[in-house]
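Below is one structure, written out as C-alpha cells; comments come after it.
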Amino acid sequence: MKLILSSSNIMQAGRQSVIRQPVTQKSNVELINSLRSNFLASQQIETALANGTDTNGKSAASHPPSWTLQTEDGLYIPAIDFSQPGLSEERDQYDITVKLFYLPGIPVSRRCAHTREAIDLVLKELHVKSIDLLIVSFPGILFDADDDSDEEDNEMSNGEPDDFDSMVQTWQVLESLHDQGVIAQLGVAEFGSERLARFLPHTKVKPSVDQINLKDCCVVPKHLILYAKQEQIQLLTHNDCHDILPVGTTRELLGPTEKSGAGILASSSEANDGIQGDVEPQWVVKYTAVVKDRGVVENKGYFASADVGTCVKDRS
Amino acid sequence: MGLLALGTALEWPEAKTKAGQVRQWGIEQLLANWRRARGKERDALLWGDEVEYLVVALDDAAKKSRLSLAQAEILKSLARDEELWKSGSGKGSETGDHEGEDPPHFHPEFGRFMLEATPGQPWGIGFKDLLKVESNMKWRREVAKAHMAPNEVPITLTTFPRLGTKDDYIQPYYPPSGPALRSQFVPDEIANPHIRFPTLAANIRSRRGRKVELNVPVFHDTNTPRPFKDPTVNYDLYNWPEDDDVRNGAAKDDHVYMDAMAFGMGSCCLQITFQAKNMTEGRRLYDQLSPLGPILLALTAATPIYKGFLVDTDVRWNQIGNAVDDRTREELGEAPIKNDRWRIPKSRYASNSTYISQDPRLRKEYFDPDLVVDEDIKKRLMEGGMDDLLATHFAHLFIRDPLVIFSEDLEELDLNKSDHFENLQSTNWQHMRFKPPPPDKDDIGWRVEFRSMEIQITDFENAAFSIFIVLVTRAILSFDLNFYIPIQRTTENMETAHARNAVLDRKFWFRKDPFPRRVPRSAQQSTNGSTFSSTASSAVNTPPPSPPLGPVEMEFDLMTIDDIVNGCADGSFPGLIPLVESYLNSVNVDVETRCFLASYLDLIRKRADGTLWTGARWMREFVAKHPNYKQDSVVSEEITYDLVKAVEEMTVKEGKKGSVGWELLRGKTV
Chain A
1 MKLILSSSNI MQAGRQSVIR QPVTQKSNVE LINSLRSNFL ASQQIETALA NGTDTNGKSA
61 ASHPPSWTLQ TEDGLYIPAI DFSQPGLSEE RDQYDITVKL FYLPGIPVSR RCAHTREAID
121 LVLKELHVKS IDLLIVSFPG ILFDADDDSD EEDNEMSNGE PDDFDSMVQT WQVLESLHDQ
181 GVIAQLGVAE FGSERLARFL PHTKVKPSVD QINLKDCCVV PKHLILYAKQ EQIQLLTHND
241 CHDILPVGTT RELLGPTEKS GAGILASSSE ANDGIQGDVE PQWVVKYTAV VKDRGVVENK
301 GYFASADVGT CVKDRS
Chain B
1001 MGLLALGTAL EWPEAKTKAG QVRQWGIEQL LANWRRARGK ERDALLWGDE VEYLVVALDD
1061 AAKKSRLSLA QAEILKSLAR DEELWKSGSG KGSETGDHEG EDPPHFHPEF GRFMLEATPG
1121 QPWGIGFKDL LKVESNMKWR REVAKAHMAP NEVPITLTTF PRLGTKDDYI QPYYPPSGPA
1181 LRSQFVPDEI ANPHIRFPTL AANIRSRRGR KVELNVPVFH DTNTPRPFKD PTVNYDLYNW
1241 PEDDDVRNGA AKDDHVYMDA MAFGMGSCCL QITFQAKNMT EGRRLYDQLS PLGPILLALT
1301 AATPIYKGFL VDTDVRWNQI GNAVDDRTRE ELGEAPIKND RWRIPKSRYA SNSTYISQDP
1361 RLRKEYFDPD LVVDEDIKKR LMEGGMDDLL ATHFAHLFIR DPLVIFSEDL EELDLNKSDH
1421 FENLQSTNWQ HMRFKPPPPD KDDIGWRVEF RSMEIQITDF ENAAFSIFIV LVTRAILSFD
1481 LNFYIPIQRT TENMETAHAR NAVLDRKFWF RKDPFPRRVP RSAQQSTNGS TFSSTASSAV
1541 NTPPPSPPLG PVEMEFDLMT IDDIVNGCAD GSFPGLIPLV ESYLNSVNVD VETRCFLASY
1601 LDLIRKRADG TLWTGARWMR EFVAKHPNYK QDSVVSEEIT YDLVKAVEEM TVKEGKKGSV
1661 GWELLRGKTV
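Same order as they appear, the protein sequences are chains A and B.
Residues in the first sequence are numbered from 1 upward in steps of one, following our numbering.
Residues in the second sequence are numbered from 1001 upward in steps of one, following our numbering.
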C-alpha cells in the first residue's frame, strides 16, 4: 500500500522551519516538523467537525482515519483537495524549484516512476504545467569541502553505493522530462568537480546547478569553483540533511497517536488499530515557489511517499 | 533631503498665516495622487540605501581635525564629473570594478560639512545585487574623497565629536551667533546656505518661541565635577533675545547643553527605502518594520560624544528630535492651551505613532491612545474615499505646520504635483515613513523608509545592516510574520535604546510569537485573497474565523537585543537571524553570495550577543585609553584628531588582522 505524506504550504506555518540552530547544521527538522504539524492540524479540524456532528466522537477512531483520503494512487495523509488554488499570481511571476531526494536502499529501477509521481504531485499542488529547476539528490553522495578528491569512500561507508551507471540512467529519465517541457533546468546535489567531470559526458542536457552544503560557507574547493564556472554550472547552497527520511523516523511519524504519531500504522503486530507491516520510505520531494522580482517565498512544502504492508515490494 | 526648489521663503509670522492653505492643498494633492496610484500593482522590490558623510579636514602638523564647510565646492566638482559621465566621456569607475553600475549620486544635506550619497540606480533582490552594495558604498567614498582637498576625508561618524566647542572646529572659521540660528555655539554658516535650510532653522526657532534645547546627560567619569555645569555655556551674551534662554535655565546641570538645529540635523544616518509590490504590501511593511526601529537603533549605537564631552547616551535620535522641536510651550504642555490647537506628545522627529495596515491581526489595543489627529483633515480624506486607517495616519502627520513656504507656490494648486503634500510629509521625521509614488514618475511605486539606524564607521558594517534589513523584509513577507506590539511600547523602546550600552544592558518590548496561526486549509482560500490581492477591498477587514484572542499583554515581553536577534533560549521568540537564515534556506542562493551574507549576518549576530562592540562602545574605550584623557569626560582636540585618524584607518583596514577597530568588526580570531 502506498502512502502519500504532505506538509501543505509551510510558509504559512513558519514555526516548523525556523529552528534556533547553528547555521550550517544539516537538518531534516523542517521536513519532520512540517509533516507532523500538518497531520496534527488536519486531525484537529476533523475532531472539531466530528464534535459538531457526532456526539460520541468515535468517528476519529476509524481506519484509516477520516482525515486521510484513500484513492487509487494511494492513501493521502492528510487528504488533499487539489481544487484549491496553488499560486496567487500568474505562472511567469515565479521561480519554481523542486528538489527530489532519492532515498537509500530503494532500487534504481523504481526511479522513473518515482520521478514522475513526485513531479506530478507538485504540478498538481501548485496548478502549474512546468517547473523551472529540478535538483536531484542521489543517496550515498556526500560533498566534503575539505576533500574534493573523490567521494567514493562515503559511498562505500553507506553500504549501498549508488553506482555511476544508475545515476546516468536516472538522468535520462530527467532529460526526457526536460524534453517534454516539464522541467526547464536540471541540477544535481553534492557533486565534486571530479564527479561532475565524469558525469557531464554522459548527459545530453547538462546540469545547470550543483547544490552543495557547506560547513563553512567560505571554504569551497577552488577547482570546483573553476570547473563550475567553465561548465557554466551555478553553485548553490542548501542545508538539507543527507538521509532526509529514515525508516525509523517514518515509523514514529505514522505510528500510534499515544506516541505523538499520526495513528496510521498499527501499534503492534497483533493490534488492529492501523496498517500492519513494514514501512519503507520511497522518496521525498521539496518544492518552492518564489516570486521572482520580489524575492518572496510564497509556497514551500514537501511530499513524501512510503510503501507499507506485508508485501512491500521486493528490493531486487 | 528632497529636491531643493528655489523661491521666496516666507518668514514665520507670514508662513504661519499660510499654513492652513498649504495643509489643505497638500491634502488635495495627496488625495489626487492616492486615487491615481492606489491600484498600482506588481512593482518589483527595489531598494536604496542612503549613506551620509562628515567632511573632515586634518591638520597633521597641529594634530587638529576640523569640519570642512566645503560641501558646495565638493558637490559642484562632483556634478561636473557626473555631466562628463553622462555625455559619455567620463569613466564609470576608475578601477573598472563597477562595470554596469551607474555612478553614485551625491546630495546636499543640512550641515555644510555633510554629504549624502546614494547608489546610481536602486538595488533589486537579485542576490548578485546584494553583493554589489558594499563595493558600491566603497566606491562612493572613493569618489567623494577624490573631489575633496588632499587633507580632507569623508568619514561616517554620526556626529563630529567637537561640533560647537569654543575652538576653531570648522574650516573656514566663522564666529557663532548669527541671525538664523542665534546659537551661541555654532555660526549660521554651519548650515547649507540654500534658502530652505536657514529658513527651516529660523522658522522652527521662531514658531517655538525660543531656541531649540538639547540637554544630553553627561557621562560622569571619576574626575568629572558633580554637579557638572557645562563649562562652554556663555551666560553673558546679549546679541539676540534668545540669548536669554540660558539665563532662564535652558542649560541643565549634569547635562551637555546645545542650542541649534545643527546639533541634530548635522548627524549622519543610514536610511533604507523599499519599494513594495503595491500599497497593501507597503502598508504591511510599514507596520511590521516599526517595532524593529528601536532594536536596530540600539544595535547600531554610535554616538557617545557631544560638543567635546562623553555623554551618558549611545545614540543620536532624541538629540535630533530636540534639535527640530518646533512645539510651542502650549503644545508641549508647559502652558495652558490658549492659542494653539492641541498638546502634542512628540517632536516632529520621533518614533512613529500610527499603524496603517489593513491587517486582521492589527488589534485596536495596539493603537496609540494619545494620537493627535486633525479631524477636519481626516474627514476630508475619508470623504475623498480613503479608508479610516490611512486617513488617520495622514491626518496625524498634518497636525504640524509647514515650516518652509515659498510664496510662488501659493498662486495656484497643481494636483499633478506633490509639493505641498511633501512639505508636511518630509518634515515629519518619524522612524518609519510611508511614501506614495511621486505623481510624475510612473515607474516608482509605494515605498517604505526605515530611518532609525545610525551610520557605521565602515562600509562593511553599513552594507551589513542595509542588507540585513532587506532580508528581514523578505522574511516578513515570506513567513507572513507578525511583530505587532502596542505602538506605545515602541515609543518606550526608543527611549530605552538611548541608554549607555543599551544593546547589552537593557531589555526591549517585543512580540513573543511572530508566526501566523495555522489556518485550516478549507479557510485558506479567503485569506489568500486578502494577503495577496491588490485592491484595497473591504474583504481585508473580514478575518477568517479563528479562536478568540488572548489578552494583548500576553503577546509580548521584555527581551534583550540578543534574544530578539539570535532567539530566546526558551524558544519563545525564534530570533531575527534564524528567521533570515530560514528564508535564505528556502531560496536559491549561490555559494559566493551566501558567503558574503554569512559575514554580514555574523557581524549582526555578534553585535547582539556582545562578542563585538558597537561603535559607541569602541569610541568610549578609545577615549578612555587615550593618554590625553583625564577621566573628566572631556574629549580634547588631540583625542578627537586621533579618533578621526583611527576611524579613517578603520574604513580602509576594517579591523582585519587585529588592526584598529577589530573589537567592533571582526573579533580577535580573524
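Here a beta-carbon is modelled for each residue, glycine too, at the ideal position from N, C-alpha and C.
With 16 other CB atoms within 10 Å as the buried threshold, where does residue i fall?
i         : result
B/Tyr1173 : exposed
B/Lys1277 : buried
B/Tyr1366 : buried
A/Leu87   : buried
B/Glu1014 : exposed
B/Asp1060 : exposed
B/Val1324 : buried
B/Ile1377 : buried
B/Leu1549 : exposed
B/Glu1109 : buried
B/Lys1656 : exposed
B/Arg1284 : buried
A/Phe82   : exposed
B/Ser1680 : This structure cannot speak to residue 1680 of chain B, because chain B is shown only from 1001 to 1670.
B/Thr1542 : Since pLDDT at B/Thr1542 reaches only 46, below the 50 mark, its modelled position is unreliable, and no value is offered.
Using only the alpha-carbon positions, how far apart do residue i and residue j sit?
i         : j         : result
B/Gly1264 : A/Ser42   : 56 Å
B/Glu1621 : B/Pro1345 : 36 Å
B/Asp1245 : B/Pro1119 : 43 Å
B/Glu1213 : B/Glu1449 : 27 Å
B/Ala1608 : B/Lys1653 : 23 Å
B/Gly1321 : B/Thr1427 : 12 Å
B/Gly1610 : B/Leu1289 : 23 Å
B/Glu1101 : A/Asp210  : 29 Å
B/Trp1240 : B/Lys1252 : 21 Å
B/Phe1398 : B/Arg1023 : 7 Å
B/Gln1456 : A/Thr170  : 52 Å
A/Leu253  : A/Ile32   : 8 Å
A/Arg20   : B/Gly1575 : Any reading at A/Arg20 must be qualified, since the residue scores a pLDDT of 49, below 50, and its modelled position is unreliable; the value itself is stated next. Roughly 8 Å separates the two Cα atoms.
A/Ser130  : B/Met1650 : 51 Å
A/Val173  : A/Gln282  : 17 Å
A/Ile106  : A/Pro139  : 9 Å
Can the beta-carbon of residue i be found closer than 9 Å to that of residue j?
i         : j         : result
A/Asn28   : A/Ile244  : yes
B/Glu1116 : B/Glu1050 : yes
A/Leu134  : A/Lys99   : yes
B/Thr1300 : B/Gly1048 : no
B/Leu1584 : B/Leu1471 : yes
B/Ser1347 : B/Ser1452 : no
A/Thr288  : B/Val1589 : no
A/Val284  : A/Met1    : no
A/Leu186  : A/Pro207  : yes
B/Ala1302 : B/Gly1615 : yes
Measuring CA to CA, which of the options is closest to residue i?
i         : options                                    : result
B/Glu1555 : B/Pro1578, B/Tyr1306, B/Asn1482, B/Arg1474 : B/Asn1482
B/Leu1292 : B/Thr1560, B/Val1660, B/Gln1071, B/Phe1160 : B/Thr1560
B/Pro1578 : B/Val1647, B/Asp1563, B/Asp1259            : B/Asp1563
B/Gly1020 : B/Leu1069, B/Pro1198, B/Leu1403, B/Tyr1629 : B/Leu1403
B/Tyr1349 : B/Asp1374, B/Asp1312, B/Arg1400            : B/Arg1400
B/Phe1160 : B/Val1660, B/Ser1636, B/Asp1443            : B/Ser1636
B/Val1373 : B/Arg1605, B/Gly1385, B/Thr1354            : B/Thr1354
B/Trp1085 : B/Asp1419, B/Lys1064, B/His1105            : B/His1105
A/Asp273  : A/Ser62, A/Glu30, A/Ile32                  : A/Ser62
B/Phe1421 : B/Ala1262, B/Phe1394, B/Tyr1484            : B/Phe1394
B/Gln1271 : B/Asn1033, B/Leu1075, B/His1431            : B/His1431
B/Asn1339 : B/Arg1207, B/Leu1030, B/Phe1309, B/Arg1226 : B/Arg1207
A/Ile45   : A/Ile4, A/Ser66, A/Leu35, A/Glu30          : A/Ser66
B/Thr1473 : B/Thr1490, B/Asn1462, B/Asp1505, B/Val1580 : B/Val1580
Assuming residue i and residue j make a contact with CB atoms under 8 Å, what is their CB distance in whole Å?
i         : j         : result
B/Leu1665 : B/Leu1612 : 7 Å
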